[in-house]
Amino acid sequence: MEKEIEWDYSLNKGPESWINLCDDYHQACTKYMQSPIALAKSKITNNLTQDALEIEYECDDFQIQWSKHTFHFIPKSKNNKVYFDGKYFYLDDIHFHIPSEHSLENAVYPIEFHFVHHSQENEPLVIAVLFKKIVGNEELLQIEESCTTINWDLRKKSLRLNPKVFIPQLVNYYAYYGSYTTPPCIGDVHWIVFSTVSSLFSRTILKLMKEKGWTSNNRPIQKQEQKKIWHT
Ligand SMILES: [Zn+2]
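In this text, residue positions in the sequence shown follow the UniProt record's numbering: the first is 1, and each later residue adds one.
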């Protein structure tokens, strides 16, 4: 399935054209479980208890890798994990999309971070946290936390952080089955999208995106179709 087919967010090779780039993308990106979707209280089909998700994140070392469309924080260990649906999912990658891919009550937010996990059986689970921008001259992600470097320098090759700093204090969330939001957009991905929007200083990230010539890296909203939506 993994081919080196070039894709991006432009008119010619962007989300509307992904299905035309190769057969694999066409097959996967047209399946019914496509993400992201518009989330809203009126669309909830099932209830979930808050404790269905247990986040077990701790301080760890992460490599910083820039890809063509975003940066990635890659954990050096498998210590960070979440417990959901009767099993553990281990954190593999943190990256972001600008603006947010999911919407909450029809609102799109400036940034959405994705925390990509896999179970031992390789089932994917992605946690999404949407952020609103705090205007000011502060650097990105100026979050007080004992193990986290204040004013993270994303030009460095690694950083030490506890991914918990991204997770909202109020833990209400949506859950649904969808797909990855980048080609080949395969499913079935367990999605956990927090309904609490966090705040962060986004000056640095926007500056770096500008330096790299990026404008946006979000896949547009897909149809909900028959997807069930759980909420705590
Ligand atoms: Zn993503």
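No residue lacks a Cβ here, since even glycine has one placed at the ideal position from N, Cα and C.
Here the structure is a predicted model, which is why all the values come from computation and not from measurement.
Practice prompt. Assign E144 to one of three DSSP states: helix, strand, or coil.
Written response: Unreliable placement is indicated for E144, whose pLDDT of 48 sits below 50; the coordinate value is still reported in the next sentence. Looking at E144 - three-state DSSP - the assignment turns out to be coil, as it is neither helix nor strand.
Discussion item. Given a cut-off of 9 Å on the beta-carbon distance, is the pair T196 and V171 in contact?
Written reply: yes
Worksheet item: Measuring from the CB of Y109, is there a heavy atom of ligand 1 at a distance below 8 Å?
Response: no
Discussion item. Please report the straight-line C-alpha distance between S103 and L39, rounded to a whole angstrom.
Written reply: 6 Å
Worksheet item: Can you tell me whether DSSP reads Y180 as helix, strand or coil?
Response: coil
Discussion item. Using only CA atoms, which one of W66, Y57 and E101 lies nearest to N80?
Written reply: Y57
Fill in: Unbroken alpha helix (DSSP H) run spanning H102, endpoints
It is not in any alpha helix (DSSP H) - H102 carries neither H nor E in the DSSP assignment.
Discussion item. On the CB-based measure, 16 or more other CB atoms within 10 Å of its CB, does S100 come out buried or exposed?
Written reply: buried
Practice prompt. Tell me whether L11 is buried or exposed, calling it buried when 16 or more other Cβ atoms sit within 10 Å of its Cβ.
Written response: exposed
Worksheet item: First and last residue of the beta strand (DSSP E) that includes I127?
Response: P124 to I134
Worksheet entry | Where K81 falls: helix, strand or coil (DSSP) | strand
Discussion item. With distance defined between alpha-carbon atoms, name the residue in T215, Y177 and L159 nearest to I229.
Written reply: Y177
Worksheet item: Which residues count as close to ligand 1 when the rule is a CB under 6 Å from any of its heavy atoms, in chain order?
Response: H95, H97, H114 and T181
Practice prompt. May I ask which residues mark the beginning and end of the alpha helix (DSSP H) holding W18?
Written response: W18 to L21
Worksheet entry | Inter-residue spacing [alpha-carbon to alpha-carbon] between Q34 and P75 | 27 Å
Practice prompt. Just the C-alpha distance for S77 and I221, rounded to the nearest angstrom, thanks.
Written response: 33 Å
Fill in: Buried or exposed by the 16-neighbour rule on C-beta atoms within 10 Å, applied to I94
buried
Worksheet item: Helix or strand or just coil, what does DSSP make of V165?
Response: helix
Worksheet entry | E4 versus S17 - alpha carbon distance | 16 Å
Worksheet item: Do the CB positions of F84 and F96 come within less than 9 Å of each other?
Response: no
Practice prompt. Can you check DSSP and say which residues form a bridge with D60?
Written response: L161
Worksheet item: Less than 9 Å separating the beta-carbons of L91 and H72?
Response: no
Discussion item. Counting C-beta neighbours from all protein chains within 10 Å, is the total for D60 16 or more, i.e. buried, or is it exposed?
Written reply: buried
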